[in-house]
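All the letters of the sequence shown, read from the start, carry residue numbers 791 to 1270 under the working numbering. Report on one structure; see the data block that follows.
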Amino acid sequence: MRSHLLNDTTAEQYRRSVTDGVERVAAKIATTERPFSGVTVDALAPAIDAIDLDKPLHDTAAVLDELEDVYLRDAIYFHHPRYLAHLNCPVVIPAVLGEAVLAAVNSSLDTWDQSAGGTLIERKLIDWTNERIGLGPAADGVFTSGGTQSNLQALLLAREEAKTDTLAKLRIFSSEVSHFSVKKSAKLLGLGQDAVVSIPVDHDKRMQTVALARELERCKQDGLVPMAVVATAGTTDFGSIDPLPEIAELCEQFGTWMHVDAAYGCGLLASLKHRDRLNGIERADSVTVDYHKSFFQPVSSSAVLVRDAATLRHATYHAEYLNPRRMVEERIPNQVDKSLQTTRRFDALKLWMTLRTMGADGIGQLFDEVCELAREGWKLLAGDPRFDVVVEPSLSTLVFRYIPAAVTDPAEIDRANLYARKALFASGDAIVAGTKVGARHYLKFTLLNPETQASDIAAVLDLIAGHAEQYLGESLDRAS
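Right under this line is the structure:
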């Protein structure tokens, strides 16, 4: 079995195996005509269940043949221009190359003696991102597994900086359309069920700062501690950006930690046209960025950034076998000192390869294209009497629903939209997401592919309307 270990004696086998895998994936991508095959769980599960993992095939070519049947054929392909569902971006080739390199070398970014140059590359990228944000010379940060972990770590730091022994008094303020990880983090951090105060949003789905000010004042009057305000720069459902300058003013006034969840909107940091939409982010105490959303990086590639590097000490734990305290005195840079994780992939290499190949302007141009596409899509929806669109896009998300001319029952309209989404997915012709606005069901386009055209959006809208009309026609037939 040693023949499968990657080392100096198996380098040629490694080259052949990886080349074979790359060629198969490349062929699949080149010939993919739909984002999804439409396979069902009931159809695919038996094929995977039938595989006996205790009976290996002993040949990577045979394994790749099998993989075609159980994965590649039916995978969801985000690179397809009619994948319009979640915050999944097509990836750039330099980042995929970086993924191949980091997987083979397999550095672990927890300590210097496991990563060396990898440590310095990650730190350089953290500094670069902080400069783009404008957090100042004392800023720092660390790569994470994603926005949920970044938000958790930021709120951990905020909890510790609040300096109270009574956790039940701590309050976190976020908009009613902020990411679910805010409430999840509060639970993981041992705060009470009432710890997260939901602030209403305006017509554009942005946090109402008048309401925030009122809740912060009430918090103080009730003898509670305003631990943090979470402003969102790109909400998951609407792509809306909270009024960051006004929120920063309130955080300063009430002595509250300001965290900006820019997991989605971080692409604006490289934008050539719309960087001003993030004005105020430079006043944050911490920021979440997901390069694997709007920097076109493979999952995972994320980071949490902080204005004051000293606050990262709240995540530090010294283990004698790993990062003993003496290493700090010897100025040995161990990234585990800043991270909630120990063993950690060299995900920073993907962004490094991208910047060194394309440059930040190249990334920004791609993100600007999808933002402009969203504007075109909004115009299509706003001018189409078949649809109701919720808000003008701040980034690249459109939330809408089909409104039939002859049906007025909101519940029946809900069912028609749910059916249309399900039928569209089953066909494999396109994939869209869904959400709720108030009590009603809506559909969602998350546009992150510069290859998607307005004609794709128009075609998918026609498909949605067709499926919804089919459902309503069948519903009327059943009722009669």
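Backbone N, C-alpha and C define an ideal beta-carbon position, used for all residues, glycine too.
{"query": "S975 versus R806, L1059, A944, D994, residue with shortest Cα-Cα distance", "result": "A944"}
{"query": "Straight-line gap, A837 to E858 (C-alpha atoms, nearest Å)", "result": "12 Å"}
{"query": "Distance, K914 Cα to I1221 Cα", "result": "37 Å"}
{"query": "I911 in three-state terms, based on DSSP", "result": "helix"}
{"query": "Three-state class that DSSP yields for T1187 in the structure shown", "result": "strand"}
{"query": "Buried or exposed (CB count within 10 angstroms, at least 16 for buried), S1184", "result": "buried"}
{"query": "Exposure label - K1212; buried when at least 16 CB within 10 Å", "result": "exposed"}
{"query": "Segment limits, beta strand (DSSP E) that includes T1106", "result": "Per DSSP, T1106 belongs to no beta strand (DSSP E) and is neither H nor E."}
{"query": "One or two residues paired with W1047 in a DSSP bridge", "result": "A1018"}
{"query": "Distance, E1202 Cα to S1270 Cα", "result": "The predicted model places S1270 with a pLDDT of 49, which falls under 50 and marks its position as unreliable; any figure quoted below should be read in that light. The alpha-carbon atoms of S1270 and E1202 are separated by roughly 15 Å."}
{"query": "Three-state secondary structure assigned by DSSP to G931", "result": "strand"}
{"query": "Close Cβ partners of V860 (< 8 Å) along its chain, the five nearest in sequence each way excluded", "result": "L834, A837, I838, I841"}
{"query": "Beta-ladder partner(s) of A1223, from DSSP", "result": "K1234"}
{"query": "Simplified DSSP assignment, three categories, for D859", "result": "helix"}
{"query": "Buried or exposed by the 16-neighbour rule on C-beta atoms within 10 Å, applied to V1077", "result": "buried"}
{"query": "Presumed contact (8 Å Cβ cut-off) between F933 and S1092, rounded CB distance", "result": "7 Å"}
{"query": "Extent of the continuous beta strand (DSSP E) run through L1208", "result": "That residue, L1208, is in no beta strand (DSSP E); its alpha helix (DSSP H) goes 1200–1217."}
{"query": "Segments assigned alpha helix (DSSP H), at least 4 residues, entirely inside the region 842–899", "result": "850–860, 883–895"}
{"query": "Span separating the alpha-carbon of N1124 from that of S935", "result": "18 Å"}
{"query": "Residue interval of the alpha helix (DSSP H) (run including I838)", "result": "831–839"}
{"query": "Where the beta strand (DSSP E) through D1027 begins and ends", "result": "Where D1027 is concerned, there is no enclosing beta strand (DSSP E), given that its DSSP letter is neither H nor E."}
{"query": "Identified DSSP bridge partners for L981", "result": "Partner(s): none; L981 has no beta bridge."}
{"query": "Under 9 Å between C-beta atoms of K995 and V881", "result": "no"}
{"query": "Strand pairing of T1078, partner residues [DSSP]", "result": "D1051, V1094"}
{"query": "Contact belief for T1187 with T1242 at Cβ below 8 Å, rounded distance in angstroms", "result": "T1187 to T1242, Cβ: 13 Å. No contact."}
{"query": "Nearest-angstrom Cα separation, counted from S905 out to N896", "result": "9 Å"}
{"query": "Residues near R1073 in its chain [Cβ-Cβ closer than 6 Å; skip 5 each side]", "result": "A1038"}
{"query": "Span of the alpha helix (DSSP H), counted from its first residue to its last, around V815", "result": "801–821"}
{"query": "Buried or exposed (CB count within 10 angstroms, at least 16 for buried), D855", "result": "exposed"}
{"query": "Beta-carbon separation (whole angstroms), A1277 vs S1129, contact threshold 8 Å", "result": "One cannot answer for residue 1277 here, as it falls past the ends of the chain, which runs 791 to 1270."}
{"query": "Buried versus exposed, by CB contacts within 10 Å (16 or more), A1138", "result": "buried"}
{"query": "Outcome for T821 when other beta-carbon atoms lying within 10 angstroms are tallied against a minimum of 16", "result": "exposed"}
{"query": "Validate contact between the region 1044–1055 and the region 946–966 using beta carbons, cut 8 Å, 3 pairs", "result": "yes"}
{"query": "Enclosing beta strand (DSSP E) for D1178 [first to last residue]", "result": "1177–1179"}
{"query": "Beta-carbon spacing of S1084, A1021 below 9 Å", "result": "no"}
{"query": "Span separating the alpha-carbon of T909 from that of G811", "result": "29 Å"}
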